[in-house]
Structures are given as structure tokens and as C-alpha cells.
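Numbering (my numbering), first residue to last: 11 to 457.
Beta carbons: idealized from backbone N, C-alpha and C, even for Gly.
Values in this document were obtained by computation on a predicted structure and should not be read as measured data.
These notes concern the structure reproduced below.
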Ligand SMILES: *[C@@H]1O[C@H](CO)[C@@H](O)[C@H](O)[C@H]1NC(C)=O
Ligand SMILES: *[C@@H]1O[C@H](CO)[C@@H](O)[C@H](O)[C@H]1NC(C)=O
Ligand SMILES: *[C@@H]1O[C@H](CO)[C@@H](O)[C@H](O)[C@H]1NC(C)=O
Ligand SMILES: *[C@@H]1O[C@H](CO)[C@@H](O)[C@H](O)[C@H]1NC(C)=O
């Protein structure tokens, strides 16, 4: 007897406990007898449907834990002017409803059911950056399993505000934030969690994103700060979505033609300065560049000042400067061949000095191999003599001695040499400025 008591007591305790536990389990168990025979009966779930106005809790102090996952399936538009990112996402929400549970063995082996989401309480998770009316269809279903675990998936076209920086256009990369939070429930009622690791979300999004459009998804990162609005604390999950523009279109349509035009402009310095074709050629180039800019204006972002605009302005101003140089040189040559003023002495000696140095350099270059039958003079020096023809003719017509004629010819020659040196010098300055500014722009772009 003395030995039997504890045994009996233990057995009783076990019975009571198991009854209690069963009772606890069964409190909200759905009676599903005949699920497999008569099909699903709505009345079985009526007790659940009747509670949809309230957050499903047994103990009010227990917050509902909502797990979030999403798949970014497309980036539809990035509008830098109004700073909006339009994307398409599938939002998945997971939570537990303690009032739903059934025993699959009694219910014909049914473990999962879909229920019209209208009949259930749904967590009011929204995206804080959302700047549009949510057009999610309302007649969606939710997946419910026998333990009350609910999975709800909805498609959303998300128009979210995002601080877009187009300075590095078209090599820009944008970093947009998507913050998921409950609209109304504070941390006491709803806690947010992640259903998947964030790298899984990023991976599936990358694989799913079929669009070979302008934007490419680089990655999704997570940060989860709790934010206080007033004195209440809302749970939040923040994701940083990093996207990059595919620059090919812009490189082919904007940068390459522009680069060619500026290269031709630089090469046009090799046209002989005394020929009349240089200035018209540069003028044509400038005109072509303006037309090109006008046509390609649609491709540029409508607002802000991207680096590429600076680059275009730079190219345009280089062309204008080179045209001005051509005009100046034509003017100078014209002036010195018709009525050459006396050359200042210092300029004369400086010029001679320079010519001697270049001549030396040329001679040594020729001795090193390059057969150069031309006399040691600046290129094009013979042409100015032809050019000086009118002056000679004028001189011939005038009753002057040959000595004066020769002196005048020398004067013209030295001035022509001077003009050519000025041309070379300006070309060097132009090239230096062009390369340094292009390198600056490219370095800025690469970083
Ligand atoms: C379940 O409901 C059926 C009738 O719909 C009833 O006969 C059965 O007793 C109920 N079972 C439980 C455990 O309440
Ligand atoms: C509800 O939960 C809180 C803390 O989890 C606990 O202190 C309280 O006793 C519970 N209330 C009931 C009625 O179980
Ligand atoms: C949410 O995720 C956490 C951790 O991954 C997990 O423990 C919990 O059961 C999940 N809750 C729901 C409702 O899915
Ligand atoms: C995106 O911006 C946030 C701050 O706004 C920063 O913390 C985060 O590191 C950035 N992410 C990337 C990939 O640049």
C-alpha cells in the first residue's frame, strides 16, 4: 500500500496532466469529421472566420510574430526627376493563428488548405517608402497548415521614394531603401522577423529578374532598427536594394560618337593652317556636334547635372576654342602676309632660338633613321611663300628695288614662321587641356 501510493498518485497525475494538455490542445481544434467525405465544410472554420476582426492571440501580452520575405522580380522604372523607383515584388508573410488547428489523421490526411484571405486576419505590413495607392488584388488566398501556420503571398507594384543620385550617369549605381513595417501595431502587438536569410532573398531575386532592361540588381542588404514614432515603438525591417545601370546604350550612343568628334577636332589641327579649309572644317564639326547633342538630349536624365553633361559642355567648348584658334591663325597669317609689321627684337631672338632647337631635334631624328628629304624648316614653310604670292605680285607691280623686295619677303617669312609656332603651341595647350580634363572625367566616373 505504502509502495503503491506514489505509483497510483503518479498515474493519476499523468492522467490529469494529459487530460489538461489535451484539453488545452483541443480548445481551438477544428472538428473536421467527414472532411474527406463531404468536402470541406465552412461551418467547421466558422469560429476562426468570426474572429478575423481581431489579431489572433490567446494571451494579449503575446505579440504576433510575422515573418517577412520578398522577391524582387522586376525593376520597372527609375525616375530621377521625381526620385521614384518602381519595382515589382512578391511579398510573403508568415504568421501563426492559434485558433486554427486540426488533426490531419482525423481529417483524411489533409495537412494544408487554402482559405480566401478575406476570411482571415491579415497583418497590415506595408512599405514605408511606398508613394502610391496599393493596387494589390484583394481576392487572394492564404495557405494554412494544420498547426495554424499561415502563409500569405501578394504581388505588389511598389513605387517607392528613393534618393537617386545621377551624377555618375550612365555609370551610376543607386541604393534604395525598402522598409517593411506595421502600419498600426506597435512592438507589443507585432514583431517582425525574416523568413529567409537576406542572401537567399537576393539570390532568388537575381535569378527571377528576367528583364534585361536598363537596371541590374546588384544586391540586397538588411538593417533592422527599431524606430520610435512619438512614444510608441514600431518594429521595422529595412532592406537596401542596390541597383546598377547597364551603361552600354549610353556608351554606344553618347560617349563613342562624342569621342570620335572630339578626336577629329584634335586631328584637324594637322590640316595646314595656311589652307582655307581648316576653319570651315571645324565649323562643320561644331555644327555636327550641336546637332548630335540635340538629338541625344532625350537620353540624358531630365533633371540634375550629371557628369556627362559637363563632359559634353567640355567637348563643345574645346571645339569652340579650336575654331577660334583657327580663325585667329587665319587672321594672323593674312595680316602678316599682306602688311607685316616689324617684329620686336626679343620676339625675333626667341623665335630664332626656338627654331634652332627644333631644327636640331629634327636633324638628330633624321640621323637616327627616318629619311626626311625636306630642308630643315618648319613644315608648311614653303606654302606660305606661295601664299605670299599676292604680296609678291603687289611688290612686283610697285617700283621698288629687288633688295626691298627681298627684305619684305624675309619679314613675311619670319612672321609666317611665328604663326606656325603659335599654332603648334596652341595645339599643345589644347591637347594638354583635353587629355587632362578627359582623364579627370574618366577618373571621376571610375570611382
Ligand atoms: C464533430 O462534429 C460531428 C458532427 O458534425 C459530431 O458528430 C462529432 O461528435 C463532433 N466531434 C467532436 C469531437 O466534437
Ligand atoms: C500572459 O502572458 C504573460 C507574460 O507572458 C503572463 O505574465 C500572464 O500571466 C499571461 N496571462 C495569462 C492569462 O495566461
Ligand atoms: C519566424 O522565424 C523565426 C526564426 O527564423 C522562427 O523561429 C519562427 O518560428 C518563425 N515564425 C513564423 C510565424 O514563421
Ligand atoms: C545604402 O545606403 C545606406 C545608408 O543610406 C548605407 O548604410 C548602406 O551601406 C548603403 N548600401 C550600399 C550597398 O551602398
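- Taking the Cα of residue 261 as reference, the smallest distance to any Cα among 208, 321 and 155 is reached at 321.
- Excluding sequence positions up to five before and after residue 180, its CB lies within less than 6 angstroms of the CB of 255, 257 and 260, all in the same chain and listed in chain order.
- If you measure from each CB to the nearest heavy atom of ligand 4, the residues under 7 angstroms come out as 185, 187, 229, 231, 233, 250 and 252.
- Across the structure, residue 153 and residue 160 are spaced so that their CA atoms are roughly 6 angstroms apart.
- For residue 415, the enclosing alpha helix (DSSP H) has its first and last residue at 412-456.
- With the rule of 3 Cβ pairs closer than 8 angstroms, the region 201-209 counts as touching the region 74-81.
- Taking 8 angstroms as the cut-off, the beta carbon of residue 211 is found closer than this to the beta carbon of residue 81.
- In the structure shown, the three-state DSSP call for residue 225 is strand.
- In summary, residue 426 is buried, with 16 or more beta-carbon neighbours lying within 10 Å of its beta-carbon over all protein chains present.
- Any heavy atom of ligand 2 within less than 5 angstroms of a residue's beta carbon puts that residue on the list, which reads 69 and 71.
- About 6 angstroms separates the beta carbons of residue 192 and residue 134, which is inside the 8 angstroms limit, making them a contact pair.
- Here DSSP, grouped into helix, strand and coil, assigns residue 292 to helix.
- Note on geometry: alpha-carbon atoms of residue 308 and residue 282 lie some 38 angstroms from one another.
- By the C-beta density criterion, residue 266 is exposed, having fewer than 16 other C-beta atoms within 10 angstroms.
- Closer than 7 angstroms to some heavy atom of ligand 3: that describes the Cβ of residue 75.
- Under DSSP, residue 39 shares a beta bridge with 111.
- The beta carbon of residue 454 is closer than 7 angstroms to those of 317 in its chain, skipping five residues each way along the sequence.
- Closest in alpha carbon position to residue 149, among 124, 437 and 349, is 124.
- Of the residues 137, 60 and 147, the one whose Cα lies closest to the Cα of residue 38 is 60.
- Here residue 174 really is in contact with residue 184; their C-beta atoms are around 6 angstroms apart, less than 8 angstroms.
- In this structure, residue 106 has its beta carbon less than 7 angstroms from a heavy atom of ligand 3.
- A direct Cα-to-Cα measurement between residue 92 and residue 127 gives close to 35 angstroms.
- Distance from the Cα of residue 171 is smallest, within the candidate group 89, 110 and 151, for 89.
- For residue 286, the number of other beta carbons within 10 angstroms of its own is below 16, and it is reported as exposed.
- In summary, residue 72 is exposed, with fewer than 16 beta-carbon neighbours lying within 10 Å of its beta-carbon over all protein chains present.
- Looking at the DSSP output, residue 133 shares a beta bridge with no other residue.
- Closest in C-alpha terms to residue 49, from the list 226, 273, 137 and 119, comes 119.
- For residue 108, the closest C-alpha among the options 68, 245 and 100 is that of 68.
- Taking 4 residues as the minimum length, the region 68-128 contains no alpha helix (DSSP H) run wholly inside it.
- If you draw a 10 Å sphere on the C-beta of residue 444, you find 16 or more other C-beta atoms in it, and that means buried.
- Across the set 147, 263, 355 and 433, the C-alpha of 433 shows the shortest separation from the C-alpha of residue 343.
- At least one heavy atom of ligand 3 lies closer than 7 angstroms to the C-beta of residue 203.
- Contact between residue 264 and residue 306 holds, since their C-beta atoms are separated by about 6 angstroms, short of 8 angstroms.
- For a cut-off of 8 angstroms, the C-beta gap from residue 163 to residue 105 is around 13 angstroms, too long to register as a contact.
- The alpha-carbon of residue 42 is positioned some 13 angstroms away from that of residue 57.
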